[in-house]
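Read through the structure below, which is laid out as structure tokens, and then see the notes.
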Amino acid sequence: MSNATGRMTGLTMLTPVRPQWVWFLKVGFFGARFFPMAQNAILKFDFIHYVRWAVMDVPGEKLRYRYLLFESNFDGPWQHYIDAFAYVVPFWIRLTWGRGPGFPGPPPAGPLKDWIAMNSLDGGHYYCAYPEASTRMVKGALDVRKRFDRLVEDSARLGPEAFAAAYERFLVESQEHL
Numbered sequence: 001m002s003n004a005t006g007r008m009t010g011l012t013m014l015t016p017v018r019p020q021w022v023w024f025l026k027v028g029f030f031g032a033r034f035f036p037m038a039q040n041a042i043l044k045f046d047f048i049h050y051v052r053w054a055v056m057d058v059p060g061e062k063l064r065y066r067y068l069l070f071e072s073n074f075d076g077p078w079q080h081y082i083d084a085f086a087y088v089v090p091f092w093i094r095l096t097w098g099r100g101p102g103f104p105g106p107p108p109a110g111p112l113k114d115w116i117a118m119n120s121l122d123g124g125h126y127y128c129a130y131p132e133a134s135t136r137m138v139k140g141a142l143d144v145r146k147r148f149d150r151l152v153e154d155s156a157r158l159g160p161e162a163f164a165a166a167y168e169r170f171l172v173e174s175q176e177h178l
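Residue 66 in the numbering used here sits at position 66 of the sequence shown; the count goes up by one each step and never skips.
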């Protein structure tokens, strides 16, 4: 798969879902919006820029299966992304994709990577505002901006020595992101 831009890789998959499990996925995706436990499984991976699942119908087509569309973009190569999921949240992966034929289940990650490569769409689409920045870099920049804004706001009421101390504190606290 060659869906890479800068530090980021996009992954788009279209996988069949057995008919008796379509309702389960639809209820699960809807419910995940309201249950932090489901959201935390994804949010713990701070290298993810975007992730989305959708159960697709193909209007006017008589297909044996409905399909699960998965789109994501993240920092680094897709193989590392799958390793992280296979070993950190295997339950959620089995719960989501285990309803389709031929799903190998994690762990181990090797068969899962083969299955993903087989079901991936090259040339998927995604948006990347900062292709050379990782999610950690963007979060760090936002943190520095917040600290800087606080410094500017405080500077109006600080004398020269107090400002020098506040500026020094800003540099120390922001150093990891500069």
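Backbone N, C-alpha and C define an ideal beta-carbon position, used for all residues, glycine too. The structure displayed is predicted, hence computed values, not measured ones.
| request: Look up residue 155 in the DSSP assignment and give the residues it is bridged to. | output: Looking at the DSSP assignment, residue 155 forms no beta bridge with any residue, so it has no partner.
| Endpoints, the beta strand (DSSP E) within which residue 10 is located | Note, residue 10: beta strand (DSSP E), 8-17.
| field | Limits of the unbroken alpha helix (DSSP H) element including residue 80 | value | Per DSSP, residue 80 is one residue of the alpha helix (DSSP H) stretching across 78-88.
| Just checking my contact of residue 53 with residue 9 at CB under 8 Å: how many whole Å lie between their CB atoms? | That belief does not hold up - the Cβ atoms of residue 53 and residue 9 are roughly 18 Å apart, past 8 Å.
| When burial is assigned at 16 or more other CB atoms within 10 Å of the CB, is residue 13 buried or exposed? | The C-beta of residue 13 has 16 or more other C-beta atoms within 10 Å across all chains shown, which makes the residue buried.
| Using the C-alpha atoms, what's the distance from residue 116 back to residue 68? | In a straight line, the C-alpha of residue 68 is about 13 Å away from that of residue 116.
| CB residue 163 to CB residue 174, shorter than 7 Å? | Result no, Cβ atoms of residue 163 and residue 174 do not sit closer than 7 Å.
| message | Spatial neighbours of residue 46 within its chain, please: C-beta separation below 8 Å, excluding the five flanking residues on both sides. | response | Excluding positions up to five away in sequence, the list reads 135, 136 and 139.
| task | Write down every uninterrupted run of the beta strand (DSSP E) in the stretch 33-83 whose length is 3 residues or greater and which is fully enclosed by it, in chain order. | result | Positions of the beta strand (DSSP E) runs, each at least 3 residues long and wholly inside the stretch 33-83, are given as 48-56 and 66-75 in order along the chain.
| query | Does the Cβ-Cβ distance between residue 151 and residue 166 come in under 7 Å? | reply | Yes, the Cβ-Cβ distance between residue 151 and residue 166 is below 7 Å.
| For residue 195, is the classification buried or exposed, using 16 other Cβ atoms within 10 angstroms of its Cβ as the cut-off for buried? | Here the chain comprises residues numbered 1 to 178, so residue 195 is not present and cannot be evaluated.
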